[in-house]
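Novice:
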Amino acid sequence: MPTIAQANALPVHILQSDIKAMLDCSMFGNLLLGMYTMIYAWTVYLCISKGKPSKNTTVIVALSLLYLFCLADSGLHWWQLDLFFVTDDATRASIYVSVSSPPGISHLMDNVFTFCTVVIADALMIWRCYYVWNRRILVIFVPVLLFVIETGIFLASIIYISVLKAKPNGKQGLKINDIESAGYFLSAFTSLLATALIAWRIHTISQESGRSRRRFSNIIEIVVQSALLYSLALLIQGIAFTIPFTSLETRDFALVRYAKIILTYVSGIAPTVMVARVCLEADTTYDITVSAPPLSDMQFKHPKTIQTQASDTRVQNFSDAGSADSLKGLEKNI
102 MPTIAQANAL
112 PVHILQSDIK
122 AMLDCSMFGN
132 LLLGMYTMIY
142 AWTVYLCISK
152 GKPSKNTTVI
162 VALSLLYLFC
172 LADSGLHWWQ
182 LDLFFVTDDA
192 TRASIYVSVS
202 SPPGISHLMD
212 NVFTFCTVVI
222 ADALMIWRCY
232 YVWNRRILVI
242 FVPVLLFVIE
252 TGIFLASIIY
262 ISVLKAKPNG
272 KQGLKINDIE
282 SAGYFLSAFT
292 SLLATALIAW
302 RIHTISQESG
312 RSRRRFSNII
322 EIVVQSALLY
332 SLALLIQGIA
342 FTIPFTSLET
352 RDFALVRYAK
362 IILTYVSGIA
372 PTVMVARVCL
382 EADTTYDITV
392 SAPPLSDMQF
402 KHPKTIQTQA
412 SDTRVQNFSD
422 AGSADSLKGL
432 EKNI
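Here it is as C-alpha cells:
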C-alpha cells in the first residue's frame with residue numbers, strides 16, 4: 102500500500118494515468134450494464150413468450166443470477182467512486198493512494214462477484230451439455246471435474262484473501278494473482294470443452310435430417326461464437342494477472358482493471374445473448390415432408406413392388422420424424 106509521501110514522489114503523469122484508468126473503467130462498466138440490462142430483459146421475455154416458462158426455469162434463474170451479480174458489482178464500483186473522489190479527494194496523491202489500495206472489503210467482494218459470474222456461466226454451459234447429450238453423466242465427467250477444480254481454486258483465493266484481511270503485501274499479492282490466473286485459464290478450457298461437446302452432438306444429430314442441417318449449423322455457430330467471446334475474456338484476464346505489476350507501469354494497471362470489468366459483464370452477456378439467439382432461431386418450423394416415389398402414368402407396377410415402396414416411405418417418414426424430435430429436444434436444452 103503506497104503512502105502519501107510515496108505518491109507525491111511519483112511523476113504526475115503516473116498519478117493521472119492510474120486515476121483516469123479507474124474512472125474510465127467505471128464509466129465503461131456503466132455502459133456495459135446499460136446494454137446488459139436491455140439484453141437481459143429481452144432474453145427473459147423471449148424465454149417466457151416463445152416457450153413454456155416451467156421448462157425454461159433453470160435457464161431464467163441462471164441468467165437472473167448472472168445479472169444480479171453484475172448489478173452488485175456495478176453498485177460496488179459506484180461506492181468506490183464516492184470513496185475515491187469524495188471522501189479521499191484532498192489531493193491528487195490521496196486519490197491515487199485510495200485507488201491503488203481500496204478498502205479490504207471492496208477488494209474481496211469485487212473478486213467474489215467476478216468469481217460467481219464465471220462459475221455460474223460455466224455451470225450453465227455444462228448443464229446444457231448434460232441435457233444435449235440426453236443426460237449421459239459419463240460424457241460430462243471431464244467438464245464437471247474441471248469445473249470442481251476451478252471452483253476450488255476460486256474458493257482458495259477468496260479464503261486466502263480473507264485470511265490476509267484483504268491487505269496482502271507484494272509477494273502475497275503475486276501469489277493471489279497466480280492462483281486466480283490458474284482458475285481463469287482452467288475456466289476457459291472447461292468452457293471450450295463443453296462447447297465442443299455440444300457442437301459435436303448437434304452436428305451428429307443434424308446429419309440424420311438433411312433438411313435441417315443448415316438450420317442447426319446456425320445454432321452451432323451461435324454456441325461457438327458465444328463460447329469463444331467468453332473464453333477470450335477469460336484468457337485476457339488470466340494473462341493480465343500473470344504480468345508482474347509495479348507502480349510505474351500504468352498500462353499494466355489499466356489492463357488489469359479493464360480485463361476484470363470486461364470479464365464480469367461478458368460472463369453474463371455472452372450466455373444471455375446465446376439464449377436469445379437460439380430462441381429466435383427456434384421460431385422457424387421444421388420442413389420434413391417426405392413424398393412417395395412417383396410412379397409412371399400407366400402404373401405398370403407389380404403389387405409387391407408397390408407395397409415395398411409404401412413400406413420404405415413409411416420407414417423414411419418415421420426416421421425423419423425421429424430426427425426432427427431429436428433436434429427439437431436439442432433446441433429446448435440449449
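Okay, so the sequence shown: first residue is 102 according to our numbering, each after it adds one. Idealized CB from N, CA, C, for every residue including glycine.
On a CA-only basis, which of C380, Y331 and A355 is nearest T365? Give me that one, please.
Specialist: One-based indexing of the sequence shown puts residue 365 at position 264. The candidate whose alpha carbon is nearest that of T365 is Y331.
Novice: Should V113 be labelled buried (16 or more other beta-carbon atoms within 10 Å of its own) or exposed?
Specialist: Here the question's residue 113 lines up with position 12 in the sequence shown. It is exposed - the Cβ of V113 has fewer than 16 other Cβ atoms within 10 Å.
Novice: Taking I140 as the reference, give the member of C217, Y168 and W301 with the closest Cα.
Specialist: Start at 1 with the first residue of the sequence shown, and residue 140 comes out as number 39. Per the Cα distances, Y168.
Novice: Whose C-alpha, out of I161, G135, L133 and A122, is nearest the C-alpha of A377?
Specialist: For the purposes of this step, residue 377 is identified with residue 276 of the sequence shown, where counting begins at 1. Of the listed residues, the one whose Cα sits closest to A377 is I161.
Novice: Do H178 and G130 have their C-beta atoms within less than 8 angstroms of each other?
Specialist: Looking up residue 178 in the sequence shown gives position 77. Looking up residue 130 in the sequence shown gives position 29. Cβ atoms of H178 and G130: closer than 8 angstroms.
Novice: Tell me whether Q308 sits in a helix, a strand or coil according to DSSP, three-state version.
Specialist: Looking up residue 308 in the sequence shown gives position 207. Reduced to three states, the DSSP call for Q308 is coil.
Novice: Among F342, A173 and D189, which residue has its Cα nearest to the Cα of L356?
Specialist: For the purposes of this step, residue 356 is taken as the residue at position 255 of the sequence shown. Out of F342, A173 and D189, F342 has the C-alpha closest to the C-alpha of L356.
Novice: Relative to the alpha-carbon of C171, which residue among I149, L147 and M210 has its alpha-carbon at the smallest distance?
Specialist: Taking the first residue of the sequence shown as 1, we reach residue 171 at position 70. Ranking the options by Cα distance to C171, first place goes to M210.
Novice: Mapping the DSSP letters down to three states, classify W301 as helix, strand or coil.
Specialist: Your numbering for residue 301 matches position 200 in the sequence shown. Looking at W301 - three-state DSSP - the assignment turns out to be helix.
Novice: Mind reading off the beta-carbon distance from A194 to N109? Whole number of angstroms is fine, and I expect it under 8 angstroms.
Specialist: Residue numbering aside, residue 194 sits at position 93 when the sequence shown is read from its first letter. Residue numbering aside, residue 109 sits at position 8 when the sequence shown is read from its first letter. Going by Cβ atoms, the distance from A194 to N109 rounds to 5 angstroms, so yes, they are a contact pair.
Novice: Starting from V113, trace the alpha helix (DSSP H) in both directions and tell me its first and last residue.
Specialist: In the sequence shown, the residue the question calls residue 113 occupies position 12. Where V113 is concerned, the enclosing alpha helix (DSSP H) stretches over V113 to S150.
Novice: I'd like to check one pair, K268 with G176: are the Cβ atoms closer than 8 angstroms?
Specialist: On the sequence shown, residue 176 is found 75 positions in, with the first residue counted as 1. On the sequence shown, residue 268 is found 167 positions in, with the first residue counted as 1. No, Cβ-Cβ distance for G176 and K268 is not below 8 angstroms.
Novice: What span of residues does the alpha helix (DSSP H) with R229 cover, start to end?
Specialist: As a working mapping, residue 229 is identified with position 128 in the sequence shown. Where R229 is concerned, the enclosing alpha helix (DSSP H) stretches over G205 to V233.
Novice: Starting from L164, follow the alpha helix (DSSP H) in both directions and report where the run begins and ends.
Specialist: Stepping through the sequence shown from its first residue, residue 164 is reached at position 63. Residues T158 to D183.
Novice: With distances taken from CA atoms, which of P372, L336, V219 and T104 is nearest S201?
Specialist: For the purposes of this step, residue 201 is taken as residue 100 along the sequence shown, with counting starting at 1. The shortest C-alpha separation from S201 is found at T104.
Novice: Once DSSP output is grouped into helix, strand and coil, what is the label at K276?
Specialist: Walking along the sequence shown from the start, residue 276 turns up at place 175. Here K276 sits in helix by DSSP.
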